[in-house]
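Have a look at the structure below, then the notes.
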DNA sequence: GTGCTAAGTTTACGTTCAGAACAAATACGC
DNA sequence: GCGTATTTGTTCTGAACGTAAACTTAGCAC
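Chains as they are written, first to last, in this note's numbering: chain S, 18 to 414; chain F, 18 to 414.
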């Protein structure tokens, strides 16, 4: 109701549509933009011109060979960048991500122990200072996005609880903003992973999708509802790992029993395979053909419990597809038929048969892309907001 | 991306904002509209003028007594109506609902047996014919909305399965459209109930809310996500009743075991109270103080299982509030402390403490309001779409 | 080289909203 | 009862924006 209006709001929308198209769907010809945005050639020309003047896009010669006047390619300017930070139990990963989703740099800083908030800030500041030359080549550094493994209030930027980091009731946005001298946004890591997969990954193009990620810390996820990420009242939505599946099951650190993540669990999987916790990456190799029975049994058990959880979520969300990442992706790969069949059969009235199960497409860049995307959001909806820091729209090589 | 643009799209948005405000928030002064819609007096004047010419709103003299020029009240024209139909196992209920949410008429036609689709259509046609005089006084009859207790594909208007009605894979929109000679839309009853409660009921004003309704047929519900109803890929979202809570529990008619609606169940409640199934309405009276232990135990058991289900949903959606209707509302009323405490404690990290539990505010009119709302949706987003059937904007009494 | 085709560019025009100036309608103070 | 302050509706002008049509450009095909 209280949305802006006026004729320049229309311009904002159209600038947003063009920039978002260039960002999400890669370099596009102007002619394609005309179709995609449902605007005339003249308007697209004006919009691209303005975005170009703002330094947000640049044009290159046409690539296609075709009859008729060539239509230049419109690129999102990858020199407009966001910083992305992912503090984790054993490392702080910092990335530089350009508009268009390109990860220019990814620096993983291993820590001897679980980093405190101060340490995470200091590490980030040090890494970013090391990148200063590189960042000087960027047209804009829009801000920093934080992917935090825990409950993050996206409005206030306060971490309510990040159990594995030991952070609680801590303002994370403030310290990073002050240390780096740029706007900061924070959100739950799995929520940002959902965002990344829905834009550049396996869920690209789907308007109703779910993402679940399994790691040593448990199971997190997120939902895309009508093309928009599900945030909830404060950004805490998507805690699929604490869906109770068996009220009389194993106790969970959350205080309840039989949560999805106590039943479907990386640790248990590594145990039966005989791997150390540090070898999570090798899990997939260890799950080749000809597995001993106890391993098969555990995979089967976890697959079946996971299917119950997914079926519940299908009943709740009626999604078009579900993306599985981390060891849940390994589970899917190791016995896709079983999981697919169980998810097809679980939800009521065969609703599950219409759901596609896909493995996550983005790898180590997932959280960096997602965190950067959270920073880009404002620019994408209000391209003119960058005007204050306007520079010449230098076109890269 | 493929949204329309152009300057008259802006007008559409603003007309929609004004009409929606009048519809949802009752009669408003023009001055209030200026604030709510963030538009100038001149623009609001033009918009109200156009809506008035379209017959969608009318103005009356100012009601408030205050310094300054009086600002006229803008009313959504309640003579612009939608028909609403709710076929159920023992009756077909037909309603006439005006813009603004007023239920002008509600006619419950009891059936001897479960009505077939043809019977439901014929009953509706007969009832509507009987209302012809009344409807002739309406400026517009926009269409008919169908609240169906089952899985409804909202895009195609096909009922995939309505177990209690025995309908399956049946196009319901077509027959109603043809029989009544007006546009028809169909959706799941609980989804429409969610819509109604979120606009005119207990969830009004909340952008992230859940609704769960319990009846003899089971538990259904819906979600409001960011102010918008959650539909899912095909409109099947919100089947909360078939969330598996105990995989080794009682078998459910859906084929699985331990679904929420097999554990939290009206029939079991009536059994311990000693009431017949037909007496569901008297359930609340029977649950006064001083209940025998077996009744208390069953109430407690169902409350605790319900709390698990609600906690799961809080983890998933992070809603601001949850609305409970039907016998779930009775459960809430009978032991609000227990349920509130359990929902506060269930979700991770005290997320539940921020969730309000409310009983549904709309009574017998719930589904009629919701079904009508589904019809109004198009008019509210595109007020000019009514132009073809334009008439004089007669103002009621 | 000529013609065809697709697309960028320019221009005239219509729609829409904001803002300012003005008019209207009411309460309040005297 | 009258003037003033206040609030809001109304009218008019100007600016922003997108569309449509005419024109121009650039490449392919023959």
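For glycine and all other residues, C-beta sits at the position ideal for the given N, C-alpha and C.
- Item | Minimum Cβ-Cβ distance from residue 319 of chain S to chain F less than 8 Å | Walking along the first chain from the start, residue 319 of chain S turns up at place 302. Output row for residue 319 of chain S: interface = no.
- residue 127 of chain F, buried or exposed, once every other Cβ within 10 Å from all chains shown has been counted against 16: Your numbering for residue 127 of chain F matches position 110 in the second chain. With fewer than 16 other Cβ atoms within 10 Å, it is exposed.
- Message: So residue 253 of chain F contacts chain S; which residues on that side make the cut at Cβ distance below 7 Å?
- Response: Walking along the second chain from the start, residue 253 of chain F turns up at place 236. Neighbours of residue 253 of chain F on chain S, chain order: 335 and 368.
- Thinking residue 227 of chain S and residue 310 of chain S are a contact (beta carbons under 8 Å), I'd like their distance in whole angstroms, please. For the purposes of this step, residue 227 of chain S is taken as the residue at position 210 of the first chain. For the purposes of this step, residue 310 of chain S is taken as the residue at position 293 of the first chain. Contact doesn't hold; Cβ gap of about 32 Å is too wide.
- Query: Mind checking whether residue 68 of chain S and residue 97 of chain S have CB atoms under 8 Å apart?
  - Reply: Position 51 of the first chain, counting from 1, holds the residue named residue 68 of chain S. Position 80 of the first chain, counting from 1, holds the residue named residue 97 of chain S. If you check the CB distance, residue 68 of chain S and residue 97 of chain S do not come in under 8 Å.
- Message: Against chain S, with Cβ distances strictly below 8 Å, would residue 329 of chain F count as a contact?
- Response: Against the second chain, residue 329 of chain F aligns to sequence position 312. At least one chain S Cβ lies under 8 Å of residue 329 of chain F.
- Report the three-state DSSP secondary structure of residue 412 of chain S (helix, strand or coil). Residue numbering aside, residue 412 of chain S sits at position 395 when the first chain is read from its first letter. Reliability fails at residue 412 of chain S, whose pLDDT of 37 lies under 50, so the model's placement of it is uncertain and the value that follows must be treated cautiously. Residue state, collapsed to three classes: coil.
- In three-state terms, what does DSSP make of residue 144 of chain S? By one-based count along the first chain, residue 144 of chain S stands at place 127. Residue 144 of chain S falls in the helix class under three-state DSSP.
- Task: Tell me, please, whether the segment 192-206 of chain S touches the segment 158-177 of chain S by the rule of three or more beta-carbon pairs shorter than 8 Å.
- Result: Between the segment 192-206 of chain S and the segment 158-177 of chain S there are three or more inter-stretch CB-CB distances shorter than 8 Å, so the stretches are counted as touching.
- Message: So if I threshold CB-CB distances at 7 Å, which residues from the segment 42-76 of chain S count as touching chain F?
- Response: Of all residues in the segment 42-76 of chain S, the ones placed with a Cβ closer than 7 Å to any Cβ belonging to chain F are 53, 54, 55 and 56, in chain order.
- Query: Given a limit of 7 Å on CB to CB distance, which residues of the segment 257-283 of chain F reach chain S?
  - Reply: Here the close residues are 257, 259, 260, 261, 262, 263, 264, 271 and 273.
- Query: Excluding five sequence neighbours on each side, which residues of the same chain lie with their C-beta closer than 8 Å to the C-beta of residue 131 of chain F?
  - Reply: To locate residue 131 of chain F, count along the second chain from 1; it is residue 114. 106, 107, 181, 182 and 183.
- At a Cβ threshold of 8 Å, is residue 242 of chain F touching chain S? Residue numbering aside, residue 242 of chain F sits at position 225 when the second chain is read from its first letter. Chain S, which has a Cβ nearer than 8 Å to the Cβ of residue 242 of chain F, makes this yes.
- Measure the C-alpha to C-alpha separation of residue 121 of chain F and residue 90 of chain F and round it to an integer number of angstroms. Here the question's residue 121 of chain F lines up with position 104 in the second chain. Here the question's residue 90 of chain F lines up with position 73 in the second chain. Whole-angstrom Cα-Cα distance: 21 Å.
- Message: Checking the sheet assignment: what are the DSSP bridge partners for residue 188 of chain S?
- Response: Reading the first chain from its first residue, position 171 is the one you call residue 188 of chain S. Looking at the DSSP assignment, residue 188 of chain S forms a beta bridge with S/175.
- Determine contact between the segment 350-357 of chain F and the segment 313-328 of chain F, defined as no fewer than three beta-carbon pairs at a distance below 8 Å. yes
- Query: Rounded C-beta distance between residue 212 of chain F and residue 257 of chain F? I'm assuming under 8 Å.
  - Reply: One-based indexing of the second chain puts residue 212 of chain F at position 195. One-based indexing of the second chain puts residue 257 of chain F at position 240. 16 Å between Cβ atoms; not a contact.
- Query: Between residue 205 of chain S and residue 175 of chain S, is the Cβ-Cβ spacing less than 8 Å?
  - Reply: What you label residue 205 of chain S is simply residue 188 of the first chain in a count that begins at 1. What you label residue 175 of chain S is simply residue 158 of the first chain in a count that begins at 1. Contact flag unset, no.
- Message: Within a Cβ cutoff of 8 Å, which residues of the same chain sit near residue 31 of chain S, ignoring the five residues on either side of it in sequence?
- Response: To locate residue 31 of chain S, count along the first chain from 1; it is residue 14. Contacts found: 54, 56, 60 and 64.
- Beta-carbon proximity check, residue 281 of chain S vs residue 322 of chain S, cutoff 8 Å: Residue 281 of chain S sits at position 264 when you count from the first residue of the first chain. Residue 322 of chain S sits at position 305 when you count from the first residue of the first chain. Yes, they are a contact pair.
- Message: Taking the alpha-carbon of residue 312 of chain S as reference, which of S/231, S/365, S/75 and S/291 has the nearest alpha-carbon?
- Response: Walking along the first chain from the start, residue 312 of chain S turns up at place 295. With distances taken between Cα atoms, residue 312 of chain S lies closest to S/291.
- Task: Under 8 Å between beta-carbons, which chain F residues line up against residue 24 of chain S? List them in chain order, please.
- Result: Along the first chain, read from residue 1 onward, the residue named residue 24 of chain S stands at position 7. Residues of chain F passing the Cβ test: 24 and 27.
- Using DSSP with H/G/I as helix, E/B as strand and the rest coil, what is residue 232 of chain F? For the purposes of this step, residue 232 of chain F is taken as the residue at position 215 of the second chain. Looking at residue 232 of chain F - three-state DSSP - the assignment turns out to be strand.
- Do residue 40 of chain S and residue 397 of chain S have their C-beta atoms closer together than 8 Å? Within the first chain, the letter at position 23 stands for residue 40 of chain S. Within the first chain, the letter at position 380 stands for residue 397 of chain S. It is a contact, given that the beta carbons lie within the stated cut-off.
- 8 Å Cβ cutoff, residue 177 of chain S in contact with chain F: Here residue 177 of chain S corresponds to residue number 160 of the first chain, with the count starting at 1. Yes, residue 177 of chain S lies at the interface with chain F (some Cβ there is under 8 Å from its Cβ).
- Task: Could you tell me the boundaries of the beta strand (DSSP E) in which residue 76 of chain F lies?
- Result: Counting from one through the second chain, the residue named residue 76 of chain F turns up at place 59. It spans 74-77 - the beta strand (DSSP E) in which residue 76 of chain F sits, taken as one unbroken run.
- Message: Relative to the C-alpha of residue 394 of chain F, which candidate in F/99, F/72 and F/95 has its C-alpha closest?
- Response: As a working mapping, residue 394 of chain F is identified with position 377 in the second chain. The option with the nearest alpha carbon to residue 394 of chain F is F/99.
- Message: Quick check: residue 178 of chain F and residue 231 of chain F, are their CB atoms within less than 8 Å of each other?
- Response: Along the second chain, one-based indexing puts residue 178 of chain F at 161. Along the second chain, one-based indexing puts residue 231 of chain F at 214. Not closer than 8 Å, so no.
- Message: Assuming the contact rule is C-beta atoms closer than 8 Å, residue 338 of chain S and residue 375 of chain S should be a hit. Round their C-beta distance to whole Å, please.
- Response: Your numbering for residue 338 of chain S matches position 321 in the first chain. Your numbering for residue 375 of chain S matches position 358 in the first chain. Rounded, the Cβ-Cβ distance is 6 Å, consistent with contact.
- Which whole-angstrom value describes the C-beta separation of residue 356 of chain F and residue 324 of chain F, a residue pair presumed to lie in contact below a C-beta threshold of 8 Å? Within the second chain, numbered from 1, the residue matching residue 356 of chain F stands at position 339. Within the second chain, numbered from 1, the residue matching residue 324 of chain F stands at position 307. Contact holds; Cβ gap of about 6 Å.
- Message: Once the 5 residues before and after residue 154 of chain F are set aside, which same chain residues still bring their CB inside 8 Å of it?
- Response: Sequence index remark: in the second chain, residue 154 of chain F carries index 137 (1-based). Answer for residue 154 of chain F: 96, listed in chain order.
- Query: Pick from F/145, F/51 and F/341: whose alpha carbon is nearest that of residue 239 of chain F?
  - Reply: As a working note, residue 239 of chain F is residue 222 in the second chain. The option with the nearest alpha carbon to residue 239 of chain F is F/341.
- Message: In this structure, how does DSSP classify residue 406 of chain F when only helix, strand and coil are distinguished?
- Response: As a first step, residue 406 of chain F is located in the second chain; it is residue number 389 there, counting from the start. Residue placement at residue 406 of chain F is poorly supported in this model, since its pLDDT is 49, which falls under 50; the coordinates are not used for a value here.
- Message: For residue 271 of chain S and residue 362 of chain F, what's the separation of their Cα atoms in angstroms?
- Response: Here residue 271 of chain S is taken as the residue at index 254 of the first chain, counted from 1. Here residue 362 of chain F is taken as the residue at index 345 of the second chain, counted from 1. About 10 Å.
- Beta-carbon spacing of residue 138 of chain F, residue 111 of chain F below 8 Å: Taking the first residue of the second chain as 1, we reach residue 138 of chain F at position 121. Taking the first residue of the second chain as 1, we reach residue 111 of chain F at position 94. No, Cβ-Cβ distance for residue 138 of chain F and residue 111 of chain F is not below 8 Å.
- Task: Confirm, please, whether the CB-CB distance from residue 343 of chain S to residue 278 of chain S is below 8 Å.
- Result: Mapped onto the first chain, residue 278 of chain S falls at position 261. Mapped onto the first chain, residue 343 of chain S falls at position 326. Against a cut-off of 8 Å, the Cβ pair of residue 343 of chain S and residue 278 of chain S comes out as no contact.
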